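S.K.: Encoded as C-alpha coordinates, here's the structure I'll be asking about.
Residue numbers (the numbering used here): 1191 to 1540.
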(Lines of atoms letter the chains of each structure in order from A and count residues from 1; the text may use other names and numbers.)
(Lines give C-alpha, C1' and ligand atoms only; values in the text may rest on other atoms or scores of the structure.)
Protein backbone atom coordinates (compact mmCIF):
# COMPACT_ATOMS: atom_id res chain seq x y z
CA UNK A 1 0.00 0.00 0.00
CA UNK A 2 1.11 3.56 -0.72
CA UNK A 3 2.02 6.10 1.90
CA UNK A 4 -1.25 7.76 2.98
CA UNK A 5 0.35 10.26 5.33
CA UNK A 6 -0.71 13.85 4.80
CA UNK A 7 1.50 16.91 5.20
CA UNK A 8 1.10 18.42 8.66
CA UNK A 9 -0.05 22.04 8.65
CA UNK A 10 2.02 24.45 10.69
CA UNK A 11 0.41 25.66 13.91
CA UNK A 12 -1.13 29.14 13.74
CA UNK A 13 0.37 31.88 15.90
CA UNK A 14 -1.31 32.13 19.32
CA UNK A 15 -0.39 32.92 22.93
CA UNK A 16 -0.01 29.21 23.63
CA UNK A 17 2.56 28.93 20.85
CA UNK A 18 4.85 31.73 22.03
CA UNK A 19 6.99 29.62 24.36
CA UNK A 20 7.53 27.03 21.62
CA UNK A 21 8.68 29.41 18.91
CA UNK A 22 12.32 29.28 17.74
CA UNK A 23 14.70 31.37 19.83
CA UNK A 24 15.49 33.65 16.87
CA UNK A 25 11.87 34.86 16.82
CA UNK A 26 11.62 37.85 19.16
CA UNK A 27 8.62 37.73 21.50
CA UNK A 28 6.85 40.32 23.69
CA UNK A 29 9.01 40.98 26.75
CA UNK A 30 6.12 41.65 29.12
CA UNK A 31 3.09 39.91 30.57
CA UNK A 32 0.33 40.30 27.96
CA UNK A 33 -2.26 38.94 30.38
CA UNK A 34 -1.77 42.09 32.47
CA UNK A 35 -2.46 44.46 29.55
CA UNK A 36 -5.16 47.08 30.06
CA UNK A 37 -6.47 49.33 27.27
CA UNK A 38 -5.22 52.90 27.21
CA UNK A 39 -4.78 53.71 23.52
CA UNK A 40 -7.32 53.49 20.71
CA UNK A 41 -6.09 53.53 17.13
CA UNK A 42 -8.36 54.29 14.18
CA UNK A 43 -7.24 52.65 10.94
CA UNK A 44 -5.37 49.45 11.76
CA UNK A 45 -3.52 48.67 8.56
CA UNK A 46 -0.01 47.49 7.78
CA UNK A 47 1.62 50.82 8.58
CA UNK A 48 0.13 51.12 12.05
CA UNK A 49 1.13 47.57 12.90
CA UNK A 50 4.66 48.26 11.63
CA UNK A 51 4.99 51.61 13.36
CA UNK A 52 2.87 52.86 16.29
CA UNK A 53 2.06 49.34 17.52
CA UNK A 54 5.76 48.41 17.48
CA UNK A 55 6.77 51.55 19.38
CA UNK A 56 4.07 50.70 21.92
CA UNK A 57 5.34 47.12 22.13
CA UNK A 58 8.80 48.52 22.89
CA UNK A 59 7.37 50.84 25.54
CA UNK A 60 5.47 48.05 27.26
CA UNK A 61 8.69 46.05 27.49
CA UNK A 62 10.70 48.98 28.88
CA UNK A 63 8.17 50.76 31.09
CA UNK A 64 5.03 48.65 31.42
CA UNK A 65 1.84 50.60 32.01
CA UNK A 66 -1.82 50.80 31.07
CA UNK A 67 -1.15 51.34 27.37
CA UNK A 68 -2.66 48.34 25.63
CA UNK A 69 -3.89 49.13 22.11
CA UNK A 70 -7.44 48.66 20.87
CA UNK A 71 -7.82 49.02 17.12
CA UNK A 72 -10.86 50.52 15.41
CA UNK A 73 -11.49 50.09 11.70
CA UNK A 74 -14.28 52.10 10.08
CA UNK A 75 -13.02 51.21 6.60
CA UNK A 76 -11.29 48.10 5.22
CA UNK A 77 -9.27 46.07 6.05
CA UNK A 78 -11.35 43.72 8.16
CA UNK A 79 -8.96 42.39 10.79
CA UNK A 80 -11.23 41.35 13.63
CA UNK A 81 -11.35 37.70 12.58
CA UNK A 82 -7.73 37.39 11.47
CA UNK A 83 -6.16 39.04 14.50
CA UNK A 84 -8.88 37.71 16.78
CA UNK A 85 -7.92 34.13 16.02
CA UNK A 86 -4.35 35.03 17.02
CA UNK A 87 -5.37 37.02 20.12
CA UNK A 88 -4.00 40.19 18.56
CA UNK A 89 -0.55 38.71 17.94
CA UNK A 90 1.20 39.08 14.59
CA UNK A 91 4.68 38.98 13.11
CA UNK A 92 6.62 42.03 11.97
CA UNK A 93 9.05 40.82 9.33
CA UNK A 94 12.17 42.62 8.13
CA UNK A 95 14.06 41.44 5.07
CA UNK A 96 17.51 42.85 4.33
CA UNK A 97 19.61 41.07 1.72
CA UNK A 98 19.69 37.45 2.97
CA UNK A 99 18.77 38.39 6.53
CA UNK A 100 15.23 37.76 7.77
CA UNK A 101 14.13 39.09 11.17
CA UNK A 102 10.85 37.99 12.74
CA UNK A 103 9.34 39.71 15.75
CA UNK A 104 6.01 39.04 17.44
CA UNK A 105 4.15 42.24 18.34
CA UNK A 106 1.80 41.92 21.30
CA UNK A 107 0.60 45.46 22.00
CA UNK A 108 -2.75 45.15 20.17
CA UNK A 109 -5.36 43.65 22.46
CA UNK A 110 -8.14 43.48 19.87
CA UNK A 111 -9.52 45.18 16.77
CA UNK A 112 -13.10 46.46 16.58
CA UNK A 113 -14.61 46.57 13.10
CA UNK A 114 -17.10 49.41 13.01
CA UNK A 115 -17.88 49.77 9.32
CA UNK A 116 -21.58 48.98 9.41
CA UNK A 117 -22.31 50.54 12.79
CA UNK A 118 -20.47 53.33 14.60
CA UNK A 119 -21.59 52.13 18.03
CA UNK A 120 -18.55 49.90 18.78
CA UNK A 121 -16.16 52.69 17.80
CA UNK A 122 -18.03 55.27 19.87
CA UNK A 123 -18.14 53.02 22.91
CA UNK A 124 -14.39 52.48 22.83
CA UNK A 125 -13.43 56.10 22.08
CA UNK A 126 -15.71 57.38 24.86
CA UNK A 127 -14.32 54.96 27.45
CA UNK A 128 -12.56 56.60 30.42
CA UNK A 129 -9.81 54.01 29.97
CA UNK A 130 -8.76 55.58 26.67
CA UNK A 131 -6.43 58.55 27.13
CA UNK A 132 -4.72 58.56 23.73
CA UNK A 133 -6.33 58.18 20.30
CA UNK A 134 -3.95 57.73 17.37
CA UNK A 135 -5.05 57.40 13.76
CA UNK A 136 -3.90 56.50 10.27
CA UNK A 137 -6.97 57.14 8.13
CA UNK A 138 -5.29 58.54 4.96
CA UNK A 139 -5.66 62.11 3.75
CA UNK A 140 -9.24 61.51 2.57
CA UNK A 141 -10.31 60.45 6.04
CA UNK A 142 -10.19 63.98 7.43
CA UNK A 143 -12.89 65.29 5.06
CA UNK A 144 -10.99 68.56 4.73
CA UNK A 145 -10.32 71.02 1.94
CA UNK A 146 -6.65 70.43 1.06
CA UNK A 147 -6.00 74.03 0.02
CA UNK A 148 -6.79 75.49 3.45
CA UNK A 149 -7.23 72.59 5.89
CA UNK A 150 -10.83 73.51 6.73
CA UNK A 151 -13.65 71.01 7.17
CA UNK A 152 -15.47 70.36 3.89
CA UNK A 153 -19.04 71.03 4.93
CA UNK A 154 -20.27 69.80 1.54
CA UNK A 155 -18.65 66.38 1.93
CA UNK A 156 -21.46 63.76 1.77
CA UNK A 157 -20.35 62.07 5.00
CA UNK A 158 -20.17 65.39 6.86
CA UNK A 159 -23.62 66.38 5.60
CA UNK A 160 -24.92 63.01 6.80
CA UNK A 161 -23.21 63.22 10.20
CA UNK A 162 -24.41 66.73 11.00
CA UNK A 163 -27.96 65.58 10.25
CA UNK A 164 -27.49 62.25 12.07
CA UNK A 165 -24.95 62.86 14.87
CA UNK A 166 -25.90 59.66 16.72
CA UNK A 167 -24.90 57.47 13.74
CA UNK A 168 -21.79 59.10 12.27
CA UNK A 169 -19.75 57.54 9.49
CA UNK A 170 -16.90 60.06 9.01
CA UNK A 171 -13.79 60.39 11.15
CA UNK A 172 -14.67 63.98 12.25
CA UNK A 173 -18.24 62.91 13.01
CA UNK A 174 -17.20 59.85 15.00
CA UNK A 175 -14.60 61.77 16.99
CA UNK A 176 -16.97 64.65 17.75
CA UNK A 177 -19.70 62.29 18.93
CA UNK A 178 -17.24 60.30 21.05
CA UNK A 179 -15.95 63.52 22.64
CA UNK A 180 -19.53 64.58 23.33
CA UNK A 181 -20.09 61.30 25.16
CA UNK A 182 -16.86 61.75 27.12
CA UNK A 183 -17.96 65.26 28.13
CA UNK A 184 -21.36 63.99 29.29
CA UNK A 185 -20.12 60.91 31.17
CA UNK A 186 -16.72 61.38 32.83
CA UNK A 187 -15.02 64.45 31.31
CA UNK A 188 -11.52 62.95 31.18
CA UNK A 189 -9.08 64.73 28.83
CA UNK A 190 -7.78 62.97 25.74
CA UNK A 191 -5.14 63.48 23.05
CA UNK A 192 -6.07 62.93 19.40
CA UNK A 193 -2.86 62.22 17.48
CA UNK A 194 -2.84 62.06 13.69
CA UNK A 195 -0.13 59.78 12.29
CA UNK A 196 -0.91 60.30 8.61
CA UNK A 197 1.68 61.56 6.16
CA UNK A 198 0.15 65.04 5.91
CA UNK A 199 1.98 68.27 6.84
CA UNK A 200 0.45 70.01 9.89
CA UNK A 201 -1.76 66.95 10.44
CA UNK A 202 -2.57 67.98 14.01
CA UNK A 203 -3.77 71.40 12.89
CA UNK A 204 -5.97 69.83 10.21
CA UNK A 205 -7.42 67.30 12.66
CA UNK A 206 -8.13 70.05 15.18
CA UNK A 207 -9.77 72.19 12.49
CA UNK A 208 -12.19 69.52 11.30
CA UNK A 209 -13.18 68.29 14.78
CA UNK A 210 -13.66 71.78 16.23
CA UNK A 211 -15.65 73.00 13.23
CA UNK A 212 -17.88 69.94 13.38
CA UNK A 213 -18.42 70.52 17.11
CA UNK A 214 -19.26 74.19 16.51
CA UNK A 215 -21.85 73.18 13.93
CA UNK A 216 -23.35 70.79 16.46
CA UNK A 217 -23.77 73.64 18.93
CA UNK A 218 -24.01 73.41 22.71
CA UNK A 219 -20.98 73.27 25.02
CA UNK A 220 -18.96 70.73 23.05
CA UNK A 221 -16.62 73.13 21.22
CA UNK A 222 -15.67 74.87 24.48
CA UNK A 223 -15.12 71.53 26.23
CA UNK A 224 -12.86 70.35 23.39
CA UNK A 225 -10.82 73.55 23.63
CA UNK A 226 -10.18 72.89 27.33
CA UNK A 227 -9.78 69.11 27.37
CA UNK A 228 -8.52 67.83 24.00
CA UNK A 229 -5.08 68.19 22.39
CA UNK A 230 -4.27 67.81 18.69
CA UNK A 231 -0.48 67.51 18.38
CA UNK A 232 1.12 67.22 14.96
CA UNK A 233 3.41 64.30 14.16
CA UNK A 234 5.80 63.11 11.49
CA UNK A 235 6.04 59.37 10.86
CA UNK A 236 8.36 57.37 8.67
CA UNK A 237 8.73 53.72 7.85
CA UNK A 238 8.22 51.85 4.61
CA UNK A 239 5.68 49.04 5.04
CA UNK A 240 5.11 47.33 1.68
CA UNK A 241 2.08 45.16 1.06
CA UNK A 242 2.37 41.67 2.50
CA UNK A 243 2.60 38.90 -0.09
CA UNK A 244 1.92 35.17 0.06
CA UNK A 245 5.69 34.74 -0.14
CA UNK A 246 6.04 36.64 3.14
CA UNK A 247 3.48 34.41 4.84
CA UNK A 248 5.21 31.34 3.42
CA UNK A 249 8.58 32.60 4.67
CA UNK A 250 7.29 32.57 8.24
CA UNK A 251 6.06 29.01 7.89
CA UNK A 252 9.08 27.66 6.06
CA UNK A 253 11.77 29.44 8.06
CA UNK A 254 10.27 29.58 11.54
CA UNK A 255 7.72 26.76 11.50
CA UNK A 256 4.45 28.53 12.30
CA UNK A 257 1.58 30.10 10.38
CA UNK A 258 0.67 33.78 10.64
CA UNK A 259 -2.06 35.21 8.43
CA UNK A 260 -1.50 38.75 9.75
CA UNK A 261 2.17 39.24 8.86
CA UNK A 262 3.41 42.77 8.15
CA UNK A 263 6.68 43.67 6.48
CA UNK A 264 8.77 46.75 7.22
CA UNK A 265 12.15 48.30 6.61
CA UNK A 266 14.62 48.52 9.48
CA UNK A 267 14.54 52.33 9.67
CA UNK A 268 11.70 54.01 11.54
CA UNK A 269 11.05 57.50 12.88
CA UNK A 270 8.33 59.19 14.90
CA UNK A 271 8.45 62.88 15.81
CA UNK A 272 5.57 64.15 17.97
CA UNK A 273 4.69 67.68 19.01
CA UNK A 274 4.98 67.92 22.78
CA UNK A 275 1.40 69.04 23.35
CA UNK A 276 -0.83 66.56 25.15
CA UNK A 277 -3.98 66.42 27.25
CA UNK A 278 -3.80 64.12 30.25
CA UNK A 279 -1.44 61.15 30.46
CA UNK A 280 0.72 60.23 27.49
CA UNK A 281 2.60 57.05 26.57
CA UNK A 282 6.34 57.70 26.95
CA UNK A 283 7.21 56.70 23.41
CA UNK A 284 10.20 59.02 23.74
CA UNK A 285 11.81 56.36 25.94
CA UNK A 286 11.91 53.95 22.99
CA UNK A 287 13.03 56.04 20.06
CA UNK A 288 10.27 58.55 19.35
CA UNK A 289 11.12 62.25 19.66
CA UNK A 290 8.96 64.81 21.49
CA UNK A 291 9.59 68.32 20.12
CA UNK A 292 8.09 71.79 20.37
CA UNK A 293 7.79 72.14 16.58
CA UNK A 294 7.42 69.29 14.08
CA UNK A 295 7.71 71.55 11.02
CA UNK A 296 11.49 71.22 10.44
CA UNK A 297 11.18 67.43 10.53
CA UNK A 298 8.28 67.54 8.07
CA UNK A 299 10.35 69.66 5.70
CA UNK A 300 13.32 67.32 6.03
CA UNK A 301 11.25 64.27 5.16
CA UNK A 302 9.18 65.82 2.38
CA UNK A 303 12.06 67.55 0.63
CA UNK A 304 14.92 65.10 1.15
CA UNK A 305 13.32 61.67 1.39
CA UNK A 306 10.14 62.10 -0.63
CA UNK A 307 11.83 64.42 -3.12
CA UNK A 308 14.64 61.96 -3.75
CA UNK A 309 12.23 59.02 -4.02
CA UNK A 310 10.05 60.83 -6.56
CA UNK A 311 13.06 61.91 -8.61
CA UNK A 312 14.45 58.37 -8.63
CA UNK A 313 11.06 57.01 -9.71
CA UNK A 314 10.78 59.33 -12.71
CA UNK A 315 14.39 58.86 -13.76
CA UNK A 316 14.13 55.12 -13.21
CA UNK A 317 11.15 54.78 -15.54
CA UNK A 318 12.93 56.83 -18.21
CA UNK A 319 16.04 54.70 -17.72
CA UNK A 320 14.16 51.44 -18.12
CA UNK A 321 14.43 50.28 -14.51
CA UNK A 322 11.65 48.49 -12.63
CA UNK A 323 12.70 49.01 -9.01
CA UNK A 324 14.08 51.95 -7.04
CA UNK A 325 17.05 49.96 -5.76
CA UNK A 326 18.10 49.42 -9.38
CA UNK A 327 17.85 53.14 -10.06
CA UNK A 328 19.95 54.18 -7.07
CA UNK A 329 22.57 51.59 -8.04
CA UNK A 330 23.11 53.37 -11.37
CA UNK A 331 26.18 55.64 -10.88
CA UNK A 332 24.90 58.41 -13.16
CA UNK A 333 21.43 58.62 -11.57
CA UNK A 334 22.82 58.33 -8.04
CA UNK A 335 25.21 61.19 -8.78
CA UNK A 336 22.34 63.28 -10.16
CA UNK A 337 20.21 62.81 -7.04
CA UNK A 338 23.19 63.50 -4.78
CA UNK A 339 23.85 66.80 -6.55
CA UNK A 340 20.16 67.69 -6.45
CA UNK A 341 20.04 67.18 -2.69
CA UNK A 342 23.30 69.03 -2.06
CA UNK A 343 22.82 71.98 -4.40
CA UNK A 344 19.04 72.47 -4.48
CA UNK A 345 17.35 70.77 -1.53
CA UNK A 346 19.63 71.22 1.48
CA UNK A 347 19.91 75.03 1.09
CA UNK A 348 16.13 75.27 1.62
CA UNK A 349 16.52 73.60 5.03
CA UNK A 350 19.17 75.94 6.40
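Heads up, the beta-carbon is just placed ideally off N, CA and C, and yes, glycines get one too. As the structure is a prediction and not an experimental result, all values here were calculated from the model.
1. Determine which residues share a DSSP beta bridge with residue 1381 and list them.
2. Apart from the five residues just before and just after residue 1238, which ones in its own chain have a Cβ nearer than 7 Å to its Cβ?
3. Is there a Cβ of chain D sitting closer than 7 Å to that of residue 1454, yes or no?
4. Counting only the same chain and skipping the five closest in sequence on each side, list residues whose C-beta sits under 8 Å from that of residue 1393.
5. Is residue 1429 closer than 7 Å to residue 1454 when the C-beta atoms are compared?
6. First and last residue of the alpha helix (DSSP H) that includes residue 1314?
7. Rounded to a whole number of angstroms, what is the C-alpha to C-alpha distance between residue 1396 and residue 1324?
8. To the nearest whole angstrom, what separates the beta carbons of residue 1269 and residue 1301, a pair I think is in contact under 8 Å?
9. Using a 10 Å radius around the Cβ and a threshold of 16 neighbouring Cβ atoms, would you call residue 1412 buried or exposed?
10. Check whether the Cβ atoms of residue 1460 and residue 1425 lie closer than 7 Å to each other.
11. Given that a residue counts as buried once 16 or more other Cβ atoms are within 10 Å of its Cβ, and exposed if not, what is residue 1470?
12. Given this structure, state the Cα-to-Cα distance separating residue 1353 from residue 1347, to the nearest angstrom.
13. With distances taken Cα to Cα, identify the nearest neighbour of residue 1260 among 1247, 1251, 1252, 1253.
14. Do residue 1220 and residue 1450 count as a contact pair if the criterion is CB distance below 7 Å?
15. Report the residue from 1264, 1272, 1335, 1283 whose alpha carbon sits nearest the alpha carbon of residue 1305.
16. Please list, in chain order, all residues of the same chain as residue 1391 whose beta carbon is under 6 Å from its beta carbon, the five residues on each side excluded.
17. Roughly how many whole angstroms lie between the Cα atoms of residue 1350 and residue 1333?
18. Expressed to the nearest angstrom, what Euclidean distance is found between the alpha-carbon atoms of residue 1218 and residue 1205?
19. Name the two residues that bound the continuous beta strand (DSSP E) containing residue 1281.
20. Nearest CA to the CA of residue 1241: which residue from 1310, 1478, 1400?
21. Please state whether DSSP places residue 1257 in a helix, a strand or coil.
22. Measure the C-alpha to C-alpha separation of residue 1533 and residue 1494 and round it to an integer number of angstroms.
23. Among 1538, 1388, 1439, which one has its Cα closest to the Cα of residue 1328?
24. To the nearest angstrom, report how far apart residue 1235 and residue 1271 are at their CA atoms.
25. Under 6 Å Cβ to Cβ from residue 1226, same chain only, skipping five residues before and after it: list those, please.
26. Taking DSSP as the reference, what is the three-state secondary structure of residue 1201?
27. When burial is assigned at 16 or more other CB atoms within 10 Å of the CB, is residue 1359 buried or exposed?
28. Look at the alpha carbon of residue 1376 and the alpha carbon of residue 1414, and state the distance between them as a whole number of angstroms.
29. Just confirm the distance between the C-beta atoms of residue 1456 and residue 1286, as a whole number of angstroms; I'd bet it's less than 8 Å.
30. Using the C-alpha atoms, what's the distance from residue 1496 back to residue 1487?
31. Would you tell me roughly how many angstroms separate the C-alpha atoms of residue 1524 and residue 1336, rounded to the nearest one?
32. For residue 1475 and residue 1538, I'd like the C-alpha separation in whole angstroms.
33. Please confirm whether residue 1381 and residue 1444 have their CB atoms less than 7 Å apart.
34. Note the first and the last residue of the continuous beta strand (DSSP E) segment covering residue 1291.
35. By DSSP, does residue 1231 sit in helix, in strand, or in coil?
M.R.: Quick answer:
1. Position 191 of the chain shown holds residue 1381. Note: residue 1381 sits in a beta bridge opposite 1322, 1419.
2. The sequence position of residue 1238 within the chain shown is 48, counting from 1. The beta carbon of residue 1238 sits closer than 7 Å to those of 1231, 1326, all from its chain and outside the five residues before and after it, given in chain order.
3. Protein chain content of the structure displayed is limited to a single chain, and chain D is not contained in it.
4. As a first step, residue 1393 is located in the chain shown; it is residue number 203 there, counting from the start. Excluding sequence neighbours, residue 1393 sits near 1339, 1420, 1422.
5. Residue numbering aside, residue 1454 sits at position 264 when the chain shown is read from its first letter. Residue numbering aside, residue 1429 sits at position 239 when the chain shown is read from its first letter. Yes; because the gap between Cβ atoms is below 7 Å, this pair is in contact.
6. Residue 1314 sits at position 124 when you count from the first residue of the chain shown. In the DSSP assignment, residue 1314 falls within the alpha helix (DSSP H) that extends over 1309 to 1315.
7. Residue numbering aside, residue 1396 sits at position 206 when the chain shown is read from its first letter. Residue numbering aside, residue 1324 sits at position 134 when the chain shown is read from its first letter. C-alpha of residue 1396 to C-alpha of residue 1324: approximately 13 Å in a straight line.
8. Start at 1 with the first residue of the chain shown, and residue 1269 comes out as number 79. Start at 1 with the first residue of the chain shown, and residue 1301 comes out as number 111. Your pair residue 1269 and residue 1301 checks out as a contact, with CB atoms roughly 5 Å apart and the cut at 8 Å.
9. Residue numbering aside, residue 1412 sits at position 222 when the chain shown is read from its first letter. Flag for residue 1412 reads exposed.
10. Locating residue 1460 in the chain shown gives position 270, where the first residue counts as 1. Locating residue 1425 in the chain shown gives position 235, where the first residue counts as 1. The Cβ atoms of residue 1460 and residue 1425 lie closer than 7 Å to each other.
11. Counting from 1 along the chain shown, the entry for residue 1470 is found at position 280. Counting the other CB atoms within 10 Å of its CB gives residue 1470 a total of 16 or more, which places it among the buried residues.
12. Your numbering for residue 1353 matches position 163 in the chain shown. Your numbering for residue 1347 matches position 157 in the chain shown. The C-alpha of residue 1353 lies about 10 Å from the C-alpha of residue 1347.
13. Within the chain shown, residue 1260 is the residue found at index 70, counting from 1. If we check each option's Cα against that of residue 1260, 1247 comes out closest.
14. Here the question's residue 1450 lines up with position 260 in the chain shown. Here the question's residue 1220 lines up with position 30 in the chain shown. No; because the gap between Cβ atoms is not below 7 Å, this pair is not in contact.
15. Mapped onto the chain shown, residue 1305 falls at position 115. Looking from the CA of residue 1305, the closest CA among 1264, 1272, 1335, 1283 belongs to 1264.
16. What you label residue 1391 is simply residue 201 of the chain shown in a count that begins at 1. Closer than 6 Å at the Cβ level, and outside the excluded window around residue 1391, lie 1384, 1422.
17. Locating residue 1350 in the chain shown gives position 160, counting from the first residue. Locating residue 1333 in the chain shown gives position 143, counting from the first residue. Residue 1350 and residue 1333 have their C-alpha atoms some 12 Å from each other.
18. Position 28 of the chain shown, counted from the start, is the residue given in the question as residue 1218. Position 15 of the chain shown, counted from the start, is the residue given in the question as residue 1205. So the alpha carbons of these two residues sit roughly 10 Å apart.
19. Taking the chain shown and counting its residues from 1, one reaches residue 1281 at position 91. Start and end: 1280 to 1286.
20. In the chain shown, counting from the first residue as 1, residue 1241 sits at position 51. It is 1478 whose Cα lies nearest to the Cα of residue 1241.
21. Translated into the one-based positions of the chain shown, residue 1257 becomes position 67. If DSSP states are grouped into helix, strand and coil, residue 1257 belongs with coil.
22. Reading the chain shown from its first residue, position 343 is the one you call residue 1533. Reading the chain shown from its first residue, position 304 is the one you call residue 1494. Straight-line Cα distance between these residues: approximately 12 Å.
23. Locating residue 1328 in the chain shown gives position 138, counting from the first residue. When each option's Cα is compared against that of residue 1328, the closest is 1388.
24. Taking the first residue of the chain shown as position 1, residue 1235 is located at position 45. Taking the first residue of the chain shown as position 1, residue 1271 is located at position 81. In this structure, the alpha-carbon of residue 1235 lies about 14 Å from that of residue 1271.
25. Taking the chain shown and counting its residues from 1, the one referred to as residue 1226 is at position 36. Hits under 6 Å: 1256, 1258.
26. Start at 1 with the first residue of the chain shown, and residue 1201 comes out as number 11. Looking at residue 1201 - three-state DSSP - the assignment turns out to be strand.
27. Position 169 of the chain shown, counting from 1, holds the residue named residue 1359. Under this definition residue 1359 is a buried residue.
28. Here residue 1376 corresponds to residue number 186 of the chain shown, with the count starting at 1. Here residue 1414 corresponds to residue number 224 of the chain shown, with the count starting at 1. Approximately 14 Å between the Cα atoms of the pair.
29. Counted from its first residue, the chain shown places residue 1456 at position 266. Counted from its first residue, the chain shown places residue 1286 at position 96. Rounded, the Cβ-Cβ distance is 6 Å, consistent with contact.
30. The count along the chain shown starts at 1 and reaches residue 1487 at position 297. The count along the chain shown starts at 1 and reaches residue 1496 at position 306. Within the model, the alpha-carbon separation for residue 1487 versus residue 1496 is close to 12 Å.
31. Residue numbering aside, residue 1524 sits at position 334 when the chain shown is read from its first letter. Residue numbering aside, residue 1336 sits at position 146 when the chain shown is read from its first letter. So the alpha carbons of these two residues sit roughly 33 Å apart.
32. Taking the first residue of the chain shown as position 1, residue 1475 is located at position 285. Taking the first residue of the chain shown as position 1, residue 1538 is located at position 348. Cα to Cα, residue 1475 sits roughly 31 Å from residue 1538.
33. Within the chain shown, the letter at position 191 stands for residue 1381. Within the chain shown, the letter at position 254 stands for residue 1444. Taking 7 Å as the Cβ cut-off, residue 1381 and residue 1444 do not qualify as a contacting pair.
34. Position 101 of the chain shown, counting from 1, holds the residue named residue 1291. Per DSSP, the continuous beta strand (DSSP E) segment holding residue 1291 begins and ends at 1289 to 1295.
35. Mapped onto the chain shown, residue 1231 falls at position 41. Looking at residue 1231 - three-state DSSP - the assignment turns out to be strand.
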